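*Asks:*
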Amino acid sequence: MGEASRTFDDLVAEAAAVSVAGWDFSWLDGRATEERPSWGYQRAMSGRLARASAALDIQTGGGEVLAAAEKMPPVMVATESWPPNVAKATALLHPLGAVVVADADEPPLPFADAAFDLVTSRHPVTVWWEDIARVLRPGGTYFSQQVGPASVFELVEYFLGPQPESVRRARHPEDARRDAEAAGLEVVDLRAESLRTEFFDIGAVAYFLRKVIWMVPDFSVDRYRERLRELDELIRREGAFVAQTTRFLIEARKPVA
1 MGEASRTFDD
11 LVAEAAAVSV
21 AGWDFSWLDG
31 RATEERPSWG
41 YQRAMSGRLA
51 RASAALDIQT
61 GGGEVLAAAE
71 KMPPVMVATE
81 SWPPNVAKAT
91 ALLHPLGAVV
101 VADADEPPLP
111 FADAAFDLVT
121 SRHPVTVWWE
131 DIARVLRPGG
141 TYFSQQVGPA
151 SVFELVEYFL
161 GPQPESVRRA
171 RHPEDARRDA
181 EAAGLEVVDL
191 RAESLRTEFF
201 DIGAVAYFLR
211 KVIWMVPDFS
221 VDRYRERLRE
231 LDELIRREGA
241 FVAQTTRFLI
251 EARKPVA
């Protein structure tokens with residue numbers, strides 16, 4: 001049965017019940033699409049890990065991105081704060097030789113100074129630049145793909161209304177450059193792209209907002225049922241809800257001297 005032939009109540013009930021643990025979005029296959037950045041973070045991260053001697057992946061989620069690396073360095077550690085993700089990442093990454101450390105998303109990282117020659121992070125919620133610089137060895141690098149400003153804000157503003165410019169500009173790549181340099185790191189690569197995202201049924205929207213909790217922080221199916229119903233009608237009429245996802249890639253190196 002195609003999603004378009006299912007009722008609003010069926011779609012949102014399904015989306016409300018499914019697990020949102022981990023950082024795997026395969027539940028959305030066929031129900032939503034998102035363009036991928038041209039730089040290929042997964043491939044680039046994997047290549048850097050293969051050349052590293054000791055690496056740290058911060059906010060690893062359920063470990064899915066790290067687990068796809070072709071080769072782990074001799075020392076591989078990942079951190080995660082949400083207990084369901086800690087358990088999921090542990091089960092996935094331990095057989096691959098990576099240790100998962102439960103750690104709050106606030107400094108300090110539970111590691112010694114200069115412990116790693118590579119630190120990675122895909123879509124971190126917070127970035128504590130001074131602590132990242134502290135745990136990097138001289139000559140080591142931080143490599144990260146991050147969510148950019150006003151990402152998927154067509155959807156955010158559908159539920160929350162127009163957002164102030166200060167909120168829309170948050171997570172700007174030039175702010176990341178400034179903060180990295182203030183922590184003593186040298187930014188060697190910084191790229192940004194805007195990418196097309198489409199939601200083809202209301203269940204996909206509800207699932208996405210349950211999983212990416214910072215988009216609409218008070219989101220629940222019950223709280224926003226009427227607004228979801230209106231959006232369901234729009235999707236059925238127009239075929240999809242379209243938004244723009246923003247991403248940026250940053251690579252920063254700790255000076256040798």
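If you read the sequence shown in full-length UniProt numbering, its first letter stands for residue 1, the second for the next number, and so on.
Backbone N, C-alpha and C fix where the C-beta goes; we use that ideal spot for every residue, glycine too.
Bear in mind that the values here come from a model prediction, so they are computed numbers and not experimental data.
Out of Leu66, Glu233, Ser38, Ala13, point me to the one whose CA is closest to Arg191's CA.
*Replies:* Comparing Cα-Cα distances from Arg191 to each of Leu66, Glu233, Ser38, Ala13, the minimum goes to Ser38.
*Asks:* How big is the Cα-Cα spacing for Ala104 and Glu154?
*Replies:* Cα-Cα distance, rounded: 30 angstroms.
*Asks:* Measuring only the C-alpha atoms, how far is Val187 from Leu249?
*Replies:* The alpha-carbon atoms of Val187 and Leu249 are separated by roughly 11 angstroms.
*Asks:* Do you know how far the Cα of Pro124 is from the Cα of Pro164?
*Replies:* C-alpha separation (whole angstroms): 23 angstroms.
*Asks:* Could you work out which residue in Ala182, Ser144, Phe116, Ala204 is closest to Leu11 when comparing CA atoms only?
*Replies:* If we check each option's Cα against that of Leu11, Ala204 comes out closest.
*Asks:* Take the Cβ of Lys88 as the centre, count every other Cβ of all protein chains shown within 10 Å, and call the residue buried at 16 or more, exposed below.
*Replies:* Burial call: buried.
*Asks:* How is Arg237 classed by DSSP in three states: helix, strand or coil?
*Replies:* In this structure, Arg237 counts as helix in the three-state DSSP scheme.
*Asks:* Is there contact here, the region 94-113 with the region 129-147, by at least three beta-carbon pairs under 8 angstroms?
*Replies:* A contact exists between the region 94-113 and the region 129-147.
*Asks:* Out of Glu157, Ala17, Gly161, Arg48, point me to the one whose CA is closest to Phe143's CA.
*Replies:* Nearest of Glu157, Ala17, Gly161, Arg48 to Phe143, Cα basis: Arg48.
*Asks:* Just verifying my parser: in three-state terms, what is the DSSP assignment at Ser220?
*Replies:* Looking at Ser220 - three-state DSSP - the assignment turns out to be coil, as it is neither helix nor strand.
*Asks:* When you compare the CB positions of Glu70 and Ser46, do they come within less than 8 angstroms of one another, or not?
*Replies:* A contact, by the Cβ cut-off of 8 angstroms.
*Asks:* Determine, using beta carbons only, whether Val12 comes closer than 8 angstroms to chain C.
*Replies:* Reference to chain C is not applicable here, since this structure consists of a single protein chain.
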